[in-house]
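Residue 396 in my numbering sits at position 384 of the sequence shown, and the numbers go up by one each step. All residues carry an ideal CB built from backbone N, CA and C; glycine is no exception. The next block holds one structure in the form of structure tokens; read it before the comments.
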Amino acid sequence: MMRTDAILAELQMKHPGEKEYLQAVKEVLVSIEDVYNEHPEFRRASIIERLVEPERIFIFRVPWMDDYGDIQVNLGYRVQFNNAIGPYKGGIRFHPSVNLSILKFLGFEQTFKNALTSLPMGGAKGGSDFAPRGKSEAEIMRFCQAFILELWRNIGPDTDVPAGDIGVGGREIGYMYGMYKKLARENTGTFTGKGLEYGGSILRPEATGFGALYFVQQMLGAKGIDIEGKTIALSGFGNVAWGAATKAVELGAKVITISGPDGYVYDPDGIEGEKIDYLLELRNTGNDIVEPYVEEFPSATFYAERRPWEQPADIVIPCATQNELDEADAAGIMYNKTLCIAEASNMGCTAEAAELFVEHKALFAPGKAVNAGGVATSGLEMTQNAMHLSWSAAEVDARLHQIMSNIHQQCVEHGQEGDYINYVKGANIAGFMKVARAMMAQGIV
Ligand code: 2IT
Numbered sequence: 013m014m015r016t017d018a019i020l021a022e023l024q025m026k027h028p029g030e031k032e033y034l035q036a037v038k039e040v041l042v043s044i045e046d047v048y049n050e051h052p053e054f055r056r057a058s059i060i061e062r063l064v065e066p067e068r069i070f071i072f073r074v075p076w077m078d079d080y081g082d083i084q085v086n087l088g089y090r091v092q093f094n095n096a097i098g099p100y101k102g103g104i105r106f107h108p109s110v111n112l113s114i115l116k117f118l119g120f121e122q123t124f125k126n127a128l129t130s131l132p133m134g135g136a137k138g139g140s141d142f143a144p145r146g147k148s149e150a151e152i153m154r155f156c157q158a159f160i161l162e163l164w165r166n167i168g169p170d171t172d173v174p175a176g177d178i179g180v181g182g183r184e185i186g187y188m189y190g191m192y193k194k195l196a197r198e199n200t201g202t203f204t205g206k207g208l209e210y211g212g213s214i215l216r217p218e219a220t221g222f223g224a225l226y227f228v229q230q231m232l233g234a235k236g237i238d239i240e241g242k243t244i245a246l247s248g249f250g251n252v253a254w255g256a257a258t259k260a261v262e263l264g265a266k267v268i269t270i271s272g273p274d275g276y277v278y279d280p281d282g283i284e285g286e287k288i289d290y291l292l293e294l295r296n297t298g299n300d301i302v303e304p305y306v307e308e309f310p311s312a313t314f315y316a317e318r319r320p321w322e323q324p325a326d327i328v329i330p331c332a333t334q335n336e337l338d339e340a341d342a343a344g345i346m347y348n349k350t351l352c353i354a355e356a357s358n359m360g361c362t363a364e365a366a367e368l369f370v371e372h373k374a375l376f377a378p379g380k381a382v383n384a385g386g387v388a389t390s391g392l393e394m395t396q397n398a399m400h401l402s403w404s405a406a407e408v409d410a411r412l413h414q415i416m417s418n419i420h421q422q423c424v425e426h427g428q429e430g431d432y433i434n435y436v437k438g439a440n441i442a443g444f445m446k447v448a449r450a451m452m453a454q455g456i457v
């Protein structure tokens, strides 16, 4: 039998205070308990005890000079979580909240997410407590270069392939890749999310949001519901929210909210067309606030320090960060008879919120399934780099669509409980079984 409680208690002792990591591990262990117990060979090989610990972690000092000539020091990390099914793969996050717990939770989630994509990628995550807000272009470049000056020896096209995450977009990838190339003296595409001119894949910036909407379409489709004409509450205003809004409008839905650390914007006329383009402008200011939206588009209202979940919507898609939707939000969402809740952020819902949704048999899916289109398209970028060619948008989009349908299918297969689809369980079991089988085949390593 799997000793879920004992394993969690041991982890808590070993890693006290790592609350996001422990939260992510608990969710997976509870989901997979039954299938694990059907495989005594997993127990004999201590699959769980091995799977919950990262294979290795690099932590390093990142010194850099700011525009005043002062020396700043940040912490850099790379958590190489699991490479049973392929080279380590996962994003880099630059945000003042970054710590080991957050990167371990993200690396753990990434391992199962990447398994779900059906592409050969292991799980990793990295980043720094560096705060991009208010930094100049030159400071961003110097920081990215300093970060890579230390990390470059530990990554490579067949060992570990980083990408973007919160605070890391095309600009930062460009600076990191530039420095990496100079040090490694090779040009084989060790990063994904690169610019189109130097090996990037078309549609990678849109992919997480597009994939999330394809997944939502599948969830609704399984219930015989059409997305056309539905209202959508999104959080965030970064890359994921932008891609999700773009695809939502294309599919005939109406996006009514976006949000930032300062509060949220409600636009009853719908966020579409030039308003979506404006999100990019808002991001480029580097101030990390959404309030200026209402000066630009007076049909909208700004609510300071509140969350978009209080606005009734047919579909709710958290696109910002972990634990951004809590139990009280979830209760309100259920009260509003929301049709579908899909996490596009990693672990966007607190454990209590997610449990409430599943308990009430709400149509709810976790980040590792919903947002897997981002890393899947990163996998397609790696493929194109290895083949030294680039595919058309139509080709990448068709593959992304296919991958998201396949993930939905895996969730249905492993998560069906009577007439309810438990997507949390389905995604966790499908991802786990693939990683566990790969680990079994490769012996005790
Ligand atoms: O959370 C994620 O899946 C990402 N930040 C993207 C990772 C990737 O390697 O494209």
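For E209, three-class secondary structure by DSSP: Counting from one through the sequence shown, the residue named residue 209 turns up at place 197. E209 falls in the helix class under three-state DSSP.
Taking only the alpha-carbon atoms, compute the straight-line gap between R154 and D17 and give it to the nearest angstrom. Against the sequence shown, residue 154 aligns to sequence position 142. Against the sequence shown, residue 17 aligns to sequence position 5. If I take the Cα positions, the gap works out to 45 Å.
Using alpha carbons as the reference points, say which of P378, G138, A363 lies closest to I104. As a working note, residue 104 is residue 92 in the sequence shown. For I104, the nearest C-alpha among the options comes from G138.
Go through its chain and collect everything with a Cβ distance to E364's Cβ below 6 Å, but skip five positions before and after it. Position 352 of the sequence shown holds residue 364. Around E364: E339.
Does the region 321-331 touch the region 238-247, meaning 3 or more C-beta pairs lie closer than 8 Å? In short, these stretches touch, since the Cβ pair count reaches three.
Applying the criterion that 16 or more other CB atoms from any shown protein chain within 10 Å of the CB defines a buried residue, is P28 buried or exposed? For the purposes of this step, residue 28 is taken as residue 16 along the sequence shown, with counting starting at 1. Per the 10 Å Cβ criterion, exposed.
Taking contact to mean at least 3 C-beta pairs separated by less than 8 Å, is the region 125-132 in contact with the region 144-153? With the cut-off at 8 Å, the region 125-132 and the region 144-153 do not touch.
Quick one, are the C-beta atoms of P320 and T389 less than 8 Å apart? Counting from one through the sequence shown, the residue named residue 320 turns up at place 308. Counting from one through the sequence shown, the residue named residue 389 turns up at place 377. One thing to note: P320 has its Cβ no nearer than 8 Å to the Cβ of T389.
Bridge partners for C361 per DSSP, in chain order? As a working mapping, residue 361 is identified with position 349 in the sequence shown. Here C361 is bridged, per DSSP, to L337.
Nearest residue (CA-CA) to A6, options N166, D341, E286: One cannot answer for residue 6 here, as it falls past the ends of the chain, which runs 13 to 457.
Alpha-carbon to alpha-carbon, A448 and S58: For the purposes of this step, residue 58 is taken as the residue at position 46 of the sequence shown. For the purposes of this step, residue 448 is taken as the residue at position 436 of the sequence shown. Using only the alpha carbons, I get a separation of about 10 Å.
Spatial neighbours of D281 within its chain, please: CB distance less than 7 Å, with the 5 preceding and 5 following residues excluded, ordered by chain position. Within the sequence shown, residue 281 is the residue found at index 269, counting from 1. Here the set comprises S311.
Can N434 be considered in contact with the ligand 2IT, in the sense that its beta carbon sits closer than 7 Å to one or more heavy atoms? Looking up residue 434 in the sequence shown gives position 422. N434 has its CB no nearer than 7 Å to any heavy atom of the ligand 2IT.
Assumed close pair V387, K116 - CB separation to whole angstroms, cut-off 8 Å: Along the sequence shown, one-based indexing puts residue 387 at 375. Along the sequence shown, one-based indexing puts residue 116 at 104. Going by Cβ atoms, the distance from V387 to K116 rounds to 17 Å, so no, they are not a contact pair.
Looking at the ligand 2IT, does it come within less than 7 Å of G176, judged from the CB to the closest heavy atom? As a first step, residue 176 must be located in the sequence shown, where it is residue number 164. Checking the 7 Å criterion, the Cβ of G176 is within range of a heavy atom belonging to the ligand 2IT.
beta-carbon K31 near the ligand 2IT non-hydrogen atom, thresh 7 Å: Here residue 31 is taken as the residue at index 19 of the sequence shown, counted from 1. No heavy atom of the ligand 2IT is found nearer than 7 Å to the CB of K31.
Helix, strand or coil for L215? Go by DSSP, reduced to three states. Reading the sequence shown from its first residue, position 203 is the one you call residue 215. Coil, per DSSP.
V180 CB to nearest chain D CB: under 8 Å? Annotation note: the requested chain D is absent from the structure, which comprises a single protein chain.
In three-state DSSP terms, what is P304? Within the sequence shown, numbered from 1, the residue matching residue 304 stands at position 292. Look at P304 here: in three-state DSSP terms it is helix.
Report yes if the C-beta distance between M188 and I214 is below 8 Å; otherwise report no. Locating residue 188 in the sequence shown gives position 176, counting from the first residue. Locating residue 214 in the sequence shown gives position 202, counting from the first residue. For M188 and I214, no; Cβs fall outside 8 Å.
Under DSSP, the alpha helix (DSSP H) around W254 begins and ends at which residues? Taking the first residue of the sequence shown as position 1, residue 254 is located at position 242. Going by DSSP, W254 is part of the alpha helix (DSSP H) stretching over 251-262.
Give the single residue among W164, I178, E121 whose Cα lies nearest to the Cα of S140. Locating residue 140 in the sequence shown gives position 128, counting from the first residue. For S140, the closest alpha carbon among the candidates W164, I178, E121 is that of I178.
Taking only heavy atoms of the ligand 2IT into account, decide whether any of them is closer than 7 Å to the Cβ of G103. For the purposes of this step, residue 103 is taken as the residue at position 91 of the sequence shown. Flag set: Cβ of G103 near the ligand 2IT.
Is it the case that the Cβ atoms of F120 and R90 are separated by a distance below 8 Å? Within the sequence shown, numbered from 1, the residue matching residue 120 stands at position 108. Within the sequence shown, numbered from 1, the residue matching residue 90 stands at position 78. Going by beta carbons, F120 and R90 fall outside the 8 Å limit.
So, for E162: in the same chain, excluding its five sequence neighbours on each side, which residues have a beta-carbon less than 7 Å away from its beta-carbon? Position 150 of the sequence shown, counted from the start, is the residue given in the question as residue 162. Setting aside the 5 residues that flank it on each side, E162 is surrounded in the same chain by F72, V74, G88, each with a C-beta closer than 7 Å to its C-beta; the list follows chain order.
Does the beta-carbon of K206, which I'm using as the reference point, lie nearer than 7 Å to any heavy atom of the ligand 2IT? Here the question's residue 206 lines up with position 194 in the sequence shown. K206 has its CB no nearer than 7 Å to any heavy atom of the ligand 2IT.
R216: buried (16+ other C-beta within 10 angstroms of its C-beta) or exposed? In the sequence shown, the residue the question calls residue 216 occupies position 204. In this structure R216 is buried. Its beta-carbon is surrounded by 16 or more other beta-carbon atoms within 10 angstroms.
For G275, list the residues DSSP reports as bridge partners. Stepping through the sequence shown from its first residue, residue 275 is reached at position 263. BP columns for G275 point to G272, A316.
With a Cβ-Cβ cutoff of 8 Å, do F435 and A381 count as a contact? Numbered from its first residue, the sequence shown carries residue 435 at position 423. Numbered from its first residue, the sequence shown carries residue 381 at position 369. Checking the sequence, you will find Tyr at residue 435 rather than Phe. In contact: Y435 and A381 (Cβ atoms closer than 8 Å).
Are three or more beta carbon pairs between the region 29-47 and the region 358-372 nearer than 8 Å? Short answer: they touch.
Beta carbon of Y226 nearer than 8 Å to that of M416: Counted from its first residue, the sequence shown places residue 226 at position 214. Counted from its first residue, the sequence shown places residue 416 at position 404. Yes. Within cutoff.
Please work out which residues of its chain come closer than 8 Å, Cβ to Cβ, to N111, disregarding the five sequence neighbours upstream and downstream, and give them in chain order. Here residue 111 refers to the residue found at position 99 when the sequence shown is read from its first residue. Same-chain partners within the cutoff: D141.
So, under 8 Å CB-CB, G201 and P169 are touching, yes? Tell me the CB distance rounded to an integer number of Å. Locating residue 201 in the sequence shown gives position 189, where the first residue counts as 1. Locating residue 169 in the sequence shown gives position 157, where the first residue counts as 1. With a Cβ gap of about 6 Å, G201 and P169 count as contacting.
Would you identify the three-state DSSP class for Q92, choosing helix, strand or coil? One-based indexing of the sequence shown puts residue 92 at position 80. Here Q92 carries a strand assignment [DSSP, helix/strand/coil].
Name the residue from T204, V370, G385 whose alpha carbon lies nearest to the alpha carbon of E429. The residue labelled residue 429 in the question sits at position 417 within the sequence shown. Comparing alpha-carbon positions, the option among T204, V370, G385 lying closest to E429 turns out to be V370.
At what residues does the alpha helix (DSSP H) containing S43 begin and finish? Here the question's residue 43 lines up with position 31 in the sequence shown. Counting along the chain, the unbroken alpha helix (DSSP H) around S43 starts and ends at 31-49.
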